[in-house]
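Taking it in order: structure first as structure tokens, then the write-up.
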Amino acid sequence: MVIPLALVLVGSGLTFAYAWIKEQGCSGSANATIVAPANTAALLRVLANQWSQTQPKVNGTCASVTVREQDTSVTAQALSHDWDPAADGPAPDVWVPQASAWARAAAANSATADKLMPDKLPSIARTPVVIAMPKTLAESYGWPKSELDWKDLLDKLAANPEVKIGMSDPATSTAGLLALSSIIDANDDADVDAEEIKRVFTLEQRVAVYKPTTEELFAEYVSGKGATLSAFPALEQDVVKHNETNPSLALVAVYPKNATTEADHPFMMLKDAPWKDAKRQDAAAEFLKYVKGEAGRTAVLDEGFRDSNRAAGPKLTPAKGVVTKLTALPRAVLLADAIDKTVSYWNALTRPSNVLLVLDVSGSMKEAVPGTGLTKLDLTKNAAQQVVKMFGDDSQVGLWIFAAAAQGNAAYKELVKVGKLAEGDRRKKLGDEITKLVPGGNTGMYDSIWAAHQSMVSSYAPGTESLVVLLTDGADDNRSTLKLPELTDKLKNADKTKPVKVVTIALGAATDNQALTDIAVATGATPYTSSRAFDIDKVLISALFDIRATTGS
């Protein structure tokens, strides 16, 4: 929907438009198009109407702006290819997404979008990501002076079976994206370790309501009168707006104490666009001056946003379910890599998996790992037990072992056929079979890998990520009929319509890492190493849920 915001666009005909231009003492007009999501567009409409009353001019030209409403994720996608007016609407001179994270992601994922993104991303309004929940529940966590960081808050929510957690899709929701980025990298060290992956997995398992947008989560809360949903990420301003229209179902905002992740609403004048026009750019720049001025700041605060310095306006009070002063520092601006990881990790955790665990039980696996009191196989079994518990019921999981003559003349043996964990007692059976594993024999690795790969091809499930996950501490011992070059050639030329990746995990320094690397790379997967073996559990979790393993990037 296109909404004109200057009088020159409101007149019923060209005569009026000409008369208005003449009256203002202008020569012609320059109208800049601004694209923004709903809440931001509403704010910009207010400001543009006010600005038009000042009779703005740029170098003798009458200046105006038109605000067009479009979801942020839709605009990001449209900017990633040649802009198509028929499908995407009029090309924008300015894009104001809810968060600069969207701009960084668009630039990182598309050379077309990267050329359009400006160097400066001036914030016109800010609003932090919070957890929205009923006041009584929030008070049990210390609201309004909560001393919980993202990690503590998530752990407490996940541990309470009475709490019905909601989540919005990070690929389409700003609140979902920013909240998950804080949760996935809870300690803000730009890395995601196995403990953080497990925490996010616990969250995913506890999500009772999953919607594409935050607006739909609020609607679910209202329609269910709080019975179907009791805690979900939202923007602070959304909580205020909700409480104004739904006072009988009011929510409060819980703020993590360590750092606030904020939607910063950058005003981005697109550069190097094929449709770029200097006069329209000048009009947009003049409008930005007004937005950043005192009149603009007042309008920002009146809409329930914070200004660019995080200061609150009259709507941000405890009576509206929020705090006036933010005590936590703002979290660092998300980089494109962090955004990619957030979406990819979540997708990896939420989509059904199709996984065959192939464990080395050769004689060398009985070696003790210094400082643990356990053998390599003991640690491998513990790690496998952990990940079996982490898979969702819709995931398909199976278990093989390999060692020379594991079954008759074969180097491998199927212990649990790949199938849905929700069917029968498959999860328990996997746990029982893992517990019973004992080491013995030599390593018939190459034959086992090819057989496992072909087994997964034959049971390929569209819409899932099909993985063979191999853990071994040795080389093939020349026990296979296949040699390494033959195996990698077969893997490279396998059926492309049924892709199966072989994720290899090398246990200990003596492992043939180069061979395992060649095998993984041949299928588009990433090889992993647990050089000292005592961190097998963390490496296995990373291999299964890390985006490098599941996307081949």
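Heads up: the sequence shown begins at 1 in the UniProt record's numbering, then just goes up one per residue.
From the three backbone atoms N, C-alpha and C, an ideal C-beta is built for every residue, glycine too.
With a Cβ-Cβ cutoff of 8 Å, do residue i and residue j count as a contact?
i: residue 141; j: residue 156; result: yes
i: residue 471; j: residue 380; result: yes
i: residue 363; j: residue 444; result: no
i: residue 485; j: residue 365; result: no
i: residue 272; j: residue 58; result: no
i: residue 410; j: residue 540; result: no
i: residue 65; j: residue 32; result: yes
i: residue 447; j: residue 482; result: yes
i: residue 516; j: residue 499; result: no
i: residue 50; j: residue 295; result: yes
i: residue 43; j: residue 252; result: no
i: residue 116; j: residue 79; result: yes
i: residue 118; j: residue 286; result: no
i: residue 127; j: residue 306; result: yes
i: residue 231; j: residue 163; result: yes
i: residue 506; j: residue 480; result: no
i: residue 63; j: residue 41; result: no
i: residue 46; j: residue 153; result: no
Here's the rule: buried if 16 or more other CB atoms are within 10 angstroms of the residue's CB, otherwise exposed. What is residue i?
i: residue 520; result: buried
i: residue 554; result: Not covered by the structure: residue 554. The range shown for the chain is 1 to 553.
i: residue 159; result: exposed
i: residue 284; result: buried
i: residue 289; result: exposed
i: residue 428; result: exposed
i: residue 111; result: exposed
i: residue 265; result: buried
i: residue 53; result: exposed
i: residue 432; result: exposed
i: residue 542; result: buried
i: residue 309; result: exposed
i: residue 458; result: exposed
i: residue 536; result: buried
i: residue 22; result: At residue 22 the pLDDT is 47, less than 50, meaning the model places this residue with poor confidence and gives no usable figure here.
i: residue 233; result: buried
i: residue 302; result: exposed
i: residue 388; result: buried
i: residue 82; result: exposed
i: residue 493; result: exposed
i: residue 550; result: Residue confidence for residue 550 is low, a pLDDT of 39 falling below 50, so the modelled location carries little weight and cannot support an answer.
i: residue 170; result: buried
i: residue 425; result: exposed
i: residue 332; result: exposed
i: residue 138; result: buried
i: residue 455; result: buried
i: residue 293; result: exposed
i: residue 27; result: exposed
i: residue 436; result: exposed
i: residue 195; result: exposed
i: residue 175; result: buried
i: residue 611; result: Because the chain is modelled from 1 through 553, residue 611 falls outside the range shown and cannot be assessed.
For the putative contact between residue i and residue j, defined by C-beta atoms under 8 Å, what is the C-beta separation to the nearest angstrom?
i: residue 96; j: residue 268; result: 7 Å
i: residue 178; j: residue 86; result: With a Cβ gap of about 32 Å, residue 178 and residue 86 do not count as contacting.
i: residue 469; j: residue 374; result: Wrong, their Cβ atoms sit about 21 Å apart, outside the cutoff.
i: residue 203; j: residue 217; result: That pair is no contact at about 15 Å.
i: residue 180; j: residue 342; result: 5 Å
i: residue 235; j: residue 129; result: 6 Å
i: residue 467; j: residue 503; result: 6 Å
i: residue 304; j: residue 237; result: 4 Å
i: residue 523; j: residue 354; result: Contact flag wrong, Cβ pair sits at about 14 Å.
i: residue 280; j: residue 93; result: 5 Å
i: residue 76; j: residue 105; result: 7 Å
i: residue 212; j: residue 168; result: 7 Å
Checklist entry - If you pair each beta-carbon of the stretch 352 to 362 with each one of the stretch 270 to 280, do three or more pairs fall below 8 Å? => result No: fewer than three Cβ pairs fall under 8 Å.
Checklist entry - Just checking, does the stretch 250 to 266 make contact with the stretch 318 to 332 on the three C-beta pairs under 8 Å criterion? => result Contact between the stretch 250 to 266 and the stretch 318 to 332 is present: three or more C-beta pairs spanning the two stretches fall below 8 Å.
Next on the checklist: Quick check on the DSSP output: what are the complete beta strand (DSSP E) runs of length 3 or more inside the stretch 461 to 514, in order along the chain?
Outcome noted: Taking only runs of at least 3 residues, the beta strand (DSSP E) segments lying wholly in the stretch 461 to 514 are 465 to 472, 501 to 507.
Next on the checklist: Does the structure place the stretch 371 to 378 close enough to the stretch 395 to 402 that three or more beta carbon pairs sit under 8 Å?
Outcome noted: Put simply, the stretch 395 to 402 does not touch the stretch 371 to 378. Fewer than three CB pairs are less than 8 Å apart.
Checklist entry - Any contact of the stretch 238 to 249 with the stretch 217 to 227, i.e. 3+ C-beta pairs under 8 Å? => result With the cut-off at 8 Å, the stretch 238 to 249 and the stretch 217 to 227 touch.
Checklist entry - Which ranges does the beta strand (DSSP E) cover as unbroken runs of at least 3 residues, wholly within the stretch 222 to 298, from first to last along the chain? => result The qualifying runs are 232 to 235, 252 to 254.
Item to check | Continuous alpha helix (DSSP H) assignments of at least 4 residues falling wholly in the stretch 139 to 190 | outcome: As far as the stretch 139 to 190 is concerned, its whole alpha helix (DSSP H) runs of at least 4 residues are 150 to 159, 174 to 184.
Next on the checklist: Going residue by residue through the stretch 21 to 65, where are the continuous beta strand (DSSP E) segments of at least 3 residues, counting only ones entirely within it?
Outcome noted: You should have 29 to 36.
Item to check | Whole beta strand (DSSP E) elements within the stretch 99 to 139, 3-residue minimum | outcome: Listed in chain order, they are 127 to 133.
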